[in-house]
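Read through the structure below, which is laid out as structure tokens, and then see the notes.
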Amino acid sequence: MNSPRISRKLSQRTAFGLLGIATVVVIVAVSFIIIYIITNGAGAVDWAFLTQAPTQAGKAGGIFPALVGTSFLMLGTGLFSLPLGVSAGIYLAEYARDNRLTRIINMAILNLAGVPSIVYGLFGLGVFVLLFHFGMSLLSASLTLACQALAMTVTTSREAILAVPREYREGSLAVGATRWQTIRHLVLPQALPGIITGAVLAMSRAAGETAPILVVGAAFLLPGLPQSPFDQFMALPYHLYTVAAHIPGMARSTMWGVALVLLVVVLSFNVLATVIRLRARQRRYSS
């Protein structure tokens, strides 16, 4: 009689052990990558490196234009992707009927998240650069990355909204609130942490993309900062790719310094998502 119980305990301990080993491997690998980048790149990062323009084909100077261009790119990506993505998530979760067409749409959105980034770049080149005549510009790059971020934004928004218990909706409707009032004042505040987390993570992923912006507007060296959305721009991912692969004699510390700054930018988005999620949860529970 004890044999099945012993077998269950053994299988449970084995599963916990394997999961623990996998967790440790991931933590060690990520920690090694971060420590390696910091060790090799920290010596190149100083105030001049962050505030000066690159000179001598990137061998000297700093990365200020690339840092500013990346910031503009993320601002444009969020401006175009967040309103549309969250609105689509609300519609799919609250208004769309559960039928075959809706399931096909949801599956298509999930599949879009796995499309290679270079495909989005070619799409942006054909549509925004050539068809709409936006040219090789910051606007074209922002719209291209917004298309890439839409899939994750829609999916995370929809899942966060569906995670809100249906009893909340039924109770609100029972006291006379309209459907939109229920969504706006009850469902969205409850789902806000998940929505914000997904949106910020989508933007952080876009911050590290090289292939899409390479074909729609990113430049390696420019005389100044972009003055309008229709100007070309510099970006950290493309700058890192160029100095690492196409500039002979480039100092290793400079390459790793650019990588370190890009890593800090991406990790900052992740930390921002965590802080916003925790504060939104605290505000929700306190209210």
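Quick note: the sequence shown, position 24, residue 192 per the numbering used here, numbers continuous. We put the beta carbon where it would ideally sit given N, CA and C, even for glycine.
Could you spell out where the alpha helix (DSSP H) holding residue 314 opens and where it closes?
-> Per DSSP, the continuous alpha helix (DSSP H) segment holding residue 314 begins and ends at 306-330.
Report yes or no: do the region 359-372 and the region 416-430 share at least 3 C-beta pairs separated by less than 8 Å?
-> no
For residue 200, which of helix, strand or coil comes out of DSSP?
-> Residue 200 falls in the helix class under three-state DSSP.
Where does residue 222 fall in DSSP's three states?
-> strand
Provide the residue(s) that pair with residue 228 in DSSP beta bridges, ordered along the chain.
-> 223
Does the Cβ of residue 224 have 16 or more other Cβ atoms within 10 Å, making it buried, or fewer, making it exposed?
-> exposed
Run through DSSP, which three-state label would residue 403 get?
-> coil
One or two residues paired with residue 359 in a DSSP bridge | DSSP, once it has assigned bridges, lists no residue as partnering residue 359.
Take the Cβ of residue 180 as the centre, count every other Cβ of all protein chains shown within 10 Å, and call the residue buried at 16 or more, exposed below.
-> exposed
May I ask you to report which of helix, strand or coil DSSP gives residue 183?
-> helix
Between the region 315-325 and the region 401-410, do three or more beta carbon pairs fall short of 8 Å?
-> Fewer than three beta-carbon pairs drawn from the region 315-325 and the region 401-410 are found closer than 8 Å, and the two stretches are therefore not classed as touching.
Spatially closest choice to residue 241 from 294, 354 and 314, by CA coordinates = 314
Would you decide whether residue 377 is buried or exposed? Buried here means 16 or more other CB atoms lie within 10 Å of its CB.
-> buried
Check residue 413 in the structure and name its three-state DSSP category.
-> helix
How big is the Cα-Cα spacing for residue 311 and residue 276?
-> 20 Å
If you scan the region 261-302 from start to end, which runs of the alpha helix (DSSP H) of 4 or more residues do you find wholly inside it?
-> 268-280 and 285-292
Under the assumption that residue 458 contacts residue 330 (Cβ atoms under 8 Å), give the Cβ distance between them as a whole number of angstroms.
-> With the chain covering 169 to 455 only, the question about residue 458 has no answer from this structure.
Put residue 386 into one of helix, strand or coil per three-state DSSP.
-> strand
What do you get for residue 282, buried or exposed, if any count of 16 or more other CB atoms within 10 angstroms of its CB means buried?
-> exposed
DSSP three-state call for residue 396: helix, strand or coil?
-> coil
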